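Sequential numbering of the sequence shown, starting at 7, is according to the working numbering.
Don't be surprised by glycine CBs; every beta carbon is placed ideally from N, CA and C.
Because the structure is a prediction, the values reported are computed rather than measured.
First up is the structure itself, then whatever we jot down about it.
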Amino acid sequence: MHLHARGRAGRSKTVVVFVHGLNGRGYGTWQGWPRMLFDGEGGHPPLDVAMFDYRSLFRAVAQLKPGADIDFQAQKLAGYFRELGEEYQDIFVVAHSLGGLLAEAAVEQFLSDMRWKDENSAVSPVAALIFMASPLAGSTKARFPLFFFRDIRRLRVLSSEQGKIRSFFTSHVQAKTIASEKPFDFLVPRYAGLVDTDVAVSSTSAIGSVPSDQCGYFKGSHSSIAKPDEPTDPQHVWLLRIVREVQEVRTQWHREDNQRRRIEMSASSADKISIVTEMRFERRRGVWDRAYNDARANSSKRYAKIRDRDHAGIESKVNLLITVHEASEILSTDEPRATVEEAVLDYASGDVLSVAVCPVGIEFLAAERAVLGWLPVRYRNKFYVEGSVDVEGFRENMMTWIDAVIHGHPERQQRAVVGRRLLARNFDPYEEGEDL
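Below is the structure:
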């Protein structure tokens, strides 16, 4: 990523991150638009800009797996958001075409990370997502002959990866530009720009789930929408209006969020129950970790804090130990049995207060019976042995177990529920850098 920032003396508190689309380039896709923002053209104070470049389609044809790895690039971009968030109050993300899906995935990862780390401010540094001709609901142009490319497969209509990301935004993110996140967790308004002669992306897909009054309609083509020539061009005027509107609303959001934090800090920290969890497994760490962290974040309540043992301290007793296994491996190997038997010993010693075992896969019922056979008779009614077909089922099971542990906690029963460095740090003038 290339960051163009003015010196600290007059430095902007706002940065606009540009993310190009399929087969595009960090600077080439946008031409003079970033420069207009950096120079303050159009009646708005100058803004810092950052250019995110990645290889896709024919620029990535020589790779072992041709095309862009969108999930990997999203992880990189989410990392940049974290670093930019230390320097800037507002990060506006402007993304063209496929870049919209990449940016959406990066923001989802960034916000998910905030949730499981208990960074519970509704006002994240990401101020808004602005999509320019992005196929938010997929593109019918992504057809079989081009499925050789990973990035083309991501553009399919009803892509499972995009479906999961859409579900996250629908459940957790306020998309409207209003001064309240309720009933959601985060405030990240979404905007969509589309053109009347786009042969690559339909208007329905370009709008996706963006509120209708936050859509901009322009003349031109799929490519030209990202290349306004003058500060008076509609795209530039529209973007500056978005920046002004969102910043006005975020000022109120910050005020209310700070007030909420002061109220929470004034309450005694001893009033919040601490639940310590731990997860053990044999394989697929990344898959299990994500479901585990998401379940902990979803289960944290005003009166309970769900912490992993690694964060709570090695000496902490574990309220809930979870072992998760492939159902097929329970039925065919000895490794899961060793993990479960170790959990039994920890439970018997008193270091662990409750244990849950979750076989995952289509054979989970048979695997549950096998696990029950491994347990001493006196523990069979004390352990949770509940499997699921897939990882999503494991996540839901875990939330149920945590809820049971919270409500069975002695402190909970004794009182009523209480109501409420990747970026260079040089500050250079705007000079286009080299794309990848």
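Here DSSP, grouped into helix, strand and coil, assigns serine 186 to coil. Distances from the alpha-carbon of leucine 28 to those of Gly106, Asp54, Asp316, Asn387 put Gly106 closest. A distance of 9 Å or more separates the beta carbons of threonine 345 and arginine 296. Put simply, of Leu371, Pro51, Lys19, Ser18 the residue whose alpha carbon is nearest the alpha carbon of arginine 247 is Pro51.
Residue state for isoleucine 368 is assigned as coil, using DSSP reduced to three classes. Boundaries of the alpha helix (DSSP H) harbouring leucine 351: 341 to 355, taken from the DSSP string. In the same chain as phenylalanine 174, and ignoring 5 residues on each side of it, the C-beta atoms closer than 6 Å to its own belong to Glu114, in chain order. Shortest Cα-Cα distance from glutamate 398 to any of Arg256, Ile213, Asp300, Arg41 involves Asp300.
Histidine 228 is classed as buried because its beta carbon has at least 16 other beta carbons within 10 Å across all chains shown.
Of the candidates Ile312, His242, Ala139, Thr20, the residue whose Cα lies closest to the Cα of aspartate 409 is Ile312. Secondary structure at threonine 329: strand, using DSSP grouped into helix, strand and coil. Residue pairing by DSSP places threonine 283 opposite Asp314, Leu326 in a beta bridge. In this structure glycine 214 does not touch alanine 232 by the C-beta definition: roughly 18 Å separates them, more than the 8 Å allowed. Note that the C-beta distance between valine 330 and tryptophan 294 is below 9 Å.
As the crow flies, the alpha-carbon of isoleucine 336 is around 10 Å from that of arginine 375. Between the alpha carbons of aspartate 352 and lysine 170 lies a distance of about 36 Å. Within its own chain, the residues whose Cβ lies closer than 8 Å to the Cβ of methionine 42, once the five positions on either side in sequence are excluded, are Gly48, Pro234, Pro237, His242, listed in chain order. Checking the DSSP bridge columns, you'll see methionine 7 has no partner listed. Taking 9 Å as the cut-off, the beta carbon of phenylalanine 87 is found closer than this to the beta carbon of valine 23.
Contact between alanine 185 and tryptophan 244 does not hold, since their C-beta atoms are separated by about 21 Å, which reaches or exceeds 8 Å. For valine 397, there is no enclosing beta strand (DSSP E); the residue is part of the alpha helix (DSSP H) that begins and ends at 397 to 414. The DSSP-derived three-state label of threonine 35 is coil. Rounded to the nearest whole angstrom, the CA to CA distance from phenylalanine 370 to alanine 333 is 5 Å. A Cβ-Cβ contact shorter than 9 Å links asparagine 325 with histidine 415. Taking 9 Å as the cut-off, the beta carbon of valine 363 is found no closer than this to the beta carbon of phenylalanine 400. For valine 358, same chain residues with a beta-carbon under 6 Å away, outside a window of 5 residues either side, are Val324, Leu327, Asp352 in chain order. In this structure, the beta-carbon distance from arginine 121 to asparagine 304 falls below 9 Å. Apart from the 5 residues on each side of it in sequence, aspartate 191 sits with its Cβ closer than 6 Å to the Cβ of His178 in its chain, given in chain order.
In the DSSP assignment, leucine 135 forms a beta bridge with Val99, Arg196. According to the DSSP secondary-structure assignment, valine 113 is paired through a beta bridge with no residue. In the same chain as arginine 343, and ignoring 5 residues on each side of it, the C-beta atoms closer than 6 Å to its own belong to Trp380, in chain order. As the crow flies, the alpha-carbon of arginine 12 is around 23 Å from that of glutamate 254.
Taking all protein chains shown into account, proline 189 has fewer than 16 neighbouring C-beta atoms within 10 Å of its C-beta and is therefore exposed. Residue range 76 to 93 is occupied by the alpha helix (DSSP H) that includes phenylalanine 78. When the Cα atoms are used, glutamine 37 and arginine 196 turn out to be separated by approximately 23 Å.
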